[in-house]
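For the sequence shown, the working numbering assigns the number 32 to the initial residue and increments by one for each residue that follows.
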Amino acid sequence: MIAETPGEDLHRVLAMWALPDGAWAQINADFDRIEAAGAAST
């Protein structure tokens, strides 16, 4: 995909990652839980 302007792809990526408040905290909590489960399984 070729952007028409240099910033177009950047704006698209930023829009894609514009998560609602609290979403990052939930994602981080999920990653912590997954890492803890992985550590416990070794």
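Don't be surprised by glycine CBs; every beta carbon is placed ideally from N, CA and C.
Note that the coordinates shown come from a computational prediction; the quantities given were computed from them, not determined experimentally.
In this model, Ala68 and Glu39 are separated by some 39 Å (Cα to Cα). Counting along the chain, Ala49 sits inside no alpha helix (DSSP H), nor does DSSP assign it H or E at all.
Rounded to the nearest angstrom, the gap between the Cα atoms of Leu41 and Met47 is 10 Å.
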